[in-house]
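Have a look at the structure below, then the notes.
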Amino acid sequence: MADSYRQPTSGDRNGTDGVTKRAKKSKKIDADEEGLESRMLFIPERNLTARLDHVGGIESIRADINDLVVRPLKFPHVYRFLGVQPTKGILLHGPPGSGKSKLAEAIAGEAGCAFFRVAATELVTGMSGESESRLRDLFEQAKRAAPSIIFIDEIDAVTPKRENSSRELEKRIVAQLGICMDSLADHFVIVIGATNRQECLDPMIRRNGRFDREISMGIPDTDARFSILRAVSMGMRLGDDVDFDEIAAMTPGFVGADLQAVTREAAACAITRIFAERGQIVGEIDPDSAEMESAFVTQQDFRAAVGRVQPSAQREGFATIPDVTWDNVGALSHLRKEMEDHIVFPITFKNLYRTFGVAVPAGILLYGPPGCGKTLLAKAVANGSKANFISVKGPELLNKYVGESERAVRLIFQRAAVSAPCVVFFDEVDSLCPVRNSESNQTTERVVNQLLTEMDGIQNRREVYVLAATNRPDIIDPAMLRPGRLERQMYVPLPDAPGRVDILQKLTAGIPVSADVDFQALSLQTNGYSGADLACLVREAGIAAVEKYRAEFMNASAGGVSMRSVAAPSGACVTAHDFAVALSKVTPSVTQQQIDFYERFRHRQFAGQTLN
């Protein structure tokens, strides 16, 4: 449906409705009786073919949808007989492309009711009072067409928080929408709003009796992606080798629209392949002939398509699964088991943990010297559990405007809840929640209080886990470290000699290294080096190797050959001498005084020491 409303024509003003594109016939209306003069006419969609079975990944919310919307509108006489009033409004929220509009249409199709589809911006006009009039007309027409659904897409565009709105028009629209929703009692009209910014909505329309029920359409997990892929690929000619389980595992962070894009790309890959195999004769072959029987979309087409589609949630700032695996992490094997026990396994085997009532920690604090892999460890944990990952540096949330820092903290946890299972990683958490005292400013105290509040609510947000990292554990507010918050503290130390060997081997994977390089000897020469120091060492060794061959490139350039086209000499590699040069330039970044302090903190034997 291209337009959800139209302006009255001259025929309307004379009492005759114009010819609509949908009906293709004339219909007379008494303008005085209906009160439609100079008003907007919203046209409902009827007999929609979409059904809930056509929408994948909604298994967890389908029961709520049936109870709240489908049954009241499909069997209104039963509800009237029992004297039960249906809910007036539900709010669908989730990242762009998660299927909110598609779900609303499927609900209307399932209920068999009239469906008024309205983009929020269509309600706004420049004339004073006209926007409120449009809202009233919309609700009046929905009442006459009851049972019916009013679907307002991007509702946050016209219902911002009034204290944040500088336009009187927006404030009037919010007030008018509240009044209109209050008038829906006993009319069996349900308003469905869709937004990806529910935190921006005015609280007045989110109270009981209005949008009092909210349904989260978060980033789908593996099972939901499997369901969505099956739904969006209906009607496609799929090869026997197509494995939706594999595709679902390959697409973490993808929402419904992304998965639909994957199927389109896979079809495009299949068409390109078929033309490449058969040439132009494809156009001369009857699609129903035996020659086209072997034309299918294959698993390889889907694999190629996945690499071409970027998750929209990633572009919009929602969480996605990081690409760091345990294979990328060196020297932290002793922490891997603890992290798996407290985060990875509870996510992977959630039903088993739930059956035995095993509570998992709400949060874990990683502390230790800088550059020891705390961030890398957090990403590997998220990847290992196939959980989405939100990484936040503490200072990024701090804002000079009153209330903005607290709002940023709330938004992080709201997005994590939508993206569950999700790991929220706060780097430099000490900047967000320093010890509160008489010298603390009000901004700091408000941020700490907000963070404590959100951490206390973690238990109600299933499958949201908090990891925090700091190299200043001594200045974190003690309230953050009590049970129910960052209750487990894990020390991430400098790597020992075997750990340094492991790190060096992982850092040089894919780099040509001479046989004379002895990682065991290097590990003994790099005592006190952090993982970041070792990464710097490998980089400096690579630079030293480049210096050796640069003269050959310069000579080739002098001979008129482009340096871009000159390949590295055969057998070029990083040698032990290059590492020796690097060792002369790179020194440990962590002092012995710092190491001693972390050890004292680890054993709880310090009393007020500070790092210098």
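Residues in the sequence shown are numbered from 1 upward in steps of one, following the UniProt record's numbering.
Every residue, glycine too, gets a C-beta built ideally from N, C-alpha and C.
Everything numeric in this text was worked out from a predicted model, so none of it was measured.
Residue i, DSSP secondary structure in three states
| i | result |
| --- | --- |
| Ser-26 | Bear in mind that the predicted position of Ser-26 carries a pLDDT of just 32, short of 50, making it too unreliable to give a figure here. |
| Met-236 | coil |
| Gln-489 | strand |
| Leu-507 | helix |
| Ser-38 | Any reading at Ser-38 needs caution, since the residue's pLDDT is 40, under 50, leaving its predicted position unreliable; the model's value is listed next. Here Ser-38 sits in coil by DSSP. |
| Ile-595 | helix |
| Asp-153 | strand |
| Ala-582 | helix |
| Pro-473 | helix |
| His-93 | strand |
| Tyr-353 | helix |
| Lys-21 | Bear in mind that the predicted position of Lys-21 carries a pLDDT of just 38, short of 50, making it unreliable; the figure below should be weighed with that in mind. If DSSP states are grouped into helix, strand and coil, Lys-21 belongs with coil. |
| Asn-388 | strand |
| Thr-121 | helix |
| Glu-428 | coil |
| residue 632 | With the chain represented from 1 up to 612, any question about residue 632 goes unanswered, as that position is not in the structure. |
| Cys-433 | coil |
| Asp-202 | coil |
| Cys-422 | strand |
| Val-297 | strand |
| Glu-33 | Residue placement at Glu-33 is poorly supported in this model, since its pLDDT is 39, which falls under 50; the coordinates are not used for a value here. |
| Ala-607 | Its pLDDT being 46, under 50, Ala-607 is placed unreliably in this model, and the value from its coordinates should be taken loosely. The answer is coil: DSSP assigns Ala-607 none of H, G, I, E or B. |
| Phe-244 | helix |
Through-space distance from residue j to residue i, alpha-carbon basis
| i | j | result |
| --- | --- | --- |
| Ser-38 | Cys-113 | Only weak support exists for where Ser-38 lies, its pLDDT of 40 falling under 50; the value from the coordinates is given anyway. Spanning the two alpha carbons is a distance of roughly 27 Å. |
| Pro-44 | Ile-149 | 9 Å |
| Phe-254 | Pro-220 | 7 Å |
| Ala-362 | His-342 | 9 Å |
| Arg-602 | Ile-595 | 11 Å |
| Lys-24 | Ala-120 | With a pLDDT of only 36 at Lys-24, under 50, the local geometry of the prediction cannot be trusted, and no value is derived from it. |
| Ala-431 | Pro-86 | The sequence as given places Ser at residue 431; Ala does not occur at that position. When rounded, the distance between both Cα atoms is 47 Å. |
| Ala-497 | Val-409 | 40 Å |
| Leu-52 | Leu-103 | 7 Å |
| Ser-233 | Phe-139 | 37 Å |
| Gln-194 | Phe-296 | Before going further, note that residue 194 is Ala rather than Gln in the sequence given. Answer to the nearest angstrom: the Cα atoms are 37 Å apart. |
| Gly-457 | Glu-338 | 24 Å |
| Gly-35 | Ile-190 | Confidence at Gly-35 is low in this model, with a pLDDT of 45, below 50, so its placement is unreliable and the value that follows should be read with caution. One C-alpha to the other measures close to 23 Å. |
| Leu-184 | Arg-144 | 11 Å |
| Thr-587 | Met-455 | 39 Å |
| Arg-273 | Pro-369 | 53 Å |
| Pro-147 | Gln-141 | 11 Å |
| Lys-585 | Ile-543 | 12 Å |
| Phe-115 | Leu-177 | 18 Å |
| Ser-589 | Gln-520 | 21 Å |
| Leu-524 | Ser-530 | 13 Å |
| Val-124 | Ser-101 | 20 Å |
| residue 673 | Asp-578 | There is no way to answer for residue 673, as the model of the chain reaches only from 1 to 612. |
| Glu-445 | Leu-452 | 10 Å |
| Ile-179 | Gly-209 | 11 Å |
| Val-492 | Val-158 | 48 Å |
Contact under 9 Å by Cβ, residue i with residue j
| i | j | result |
| --- | --- | --- |
| Asp-474 | Cys-433 | no |
| Val-447 | Leu-481 | no |
| Val-418 | Pro-95 | yes |
| Leu-181 | Phe-151 | Inspection of the sequence shows that residue 181 is occupied by Met rather than by Leu. Taking 9 Å as the Cβ cut-off, Met-181 and Phe-151 do not qualify as a contacting pair. |
| Glu-132 | Ile-65 | no |
| Gly-218 | Ala-420 | yes |
| Leu-335 | Arg-488 | no |
| Thr-470 | Tyr-367 | yes |
| Ala-416 | Pro-322 | no |
| Arg-575 | Ala-545 | Note on identity: in this sequence residue 575 is Thr, with Arg being the wrong assignment. Result yes, Cβ atoms of Thr-575 and Ala-545 sit closer than 9 Å. |
| Gln-299 | Asp-241 | yes |
| Val-118 | Asp-153 | yes |
| Arg-197 | Leu-91 | no |
| Leu-494 | Gly-528 | yes |
| Ala-331 | Gly-499 | yes |
| Val-384 | Trp-326 | Residue identity differs from the one stated: residue 384 is Gly in this sequence, not Val. It is a contact, given that the beta carbons lie within the stated cut-off. |
Supposed close pair residue i, residue j - CB separation, criterion 8 Å
| i | j | result |
| --- | --- | --- |
| Val-69 | Ala-111 | 7 Å |
| Ala-535 | Leu-507 | 6 Å |
| Gly-89 | Leu-48 | Contact flag wrong, Cβ pair sits at about 20 Å. |
| Phe-302 | Ile-228 | The pair is not a contact, with the Cβ atoms about 13 Å apart (cut-off 8 Å). |
| Gly-394 | Val-429 | 6 Å |
Item to complete: Specify whether the stretch 416-426 and the stretch 370-383 touch according to this definition: at least 3 beta carbon pairs, one from each stretch, less than 8 Å apart.
Response: Touching, yes.
Worksheet item: Using 8 Å as the Cβ pair cut-off and three pairs as the minimum, do the stretch 47-61 and the stretch 167-175 touch?
Response: Fewer than three beta-carbon pairs drawn from the stretch 47-61 and the stretch 167-175 are found closer than 8 Å, and the two stretches are therefore not classed as touching.
Discussion item. So, does the stretch 510-518 touch the stretch 387-395, judging by three or more C-beta pairs under 8 Å?
Written reply: Verdict: no, contact absent.
Fill in: Stretch pair the stretch 298-314 + the stretch 263-276: three plus CB contacts closer than 8 Å
In this structure the stretch 298-314 lies against the stretch 263-276, because at least three pairs of beta carbons, one per stretch, are closer than 8 Å.
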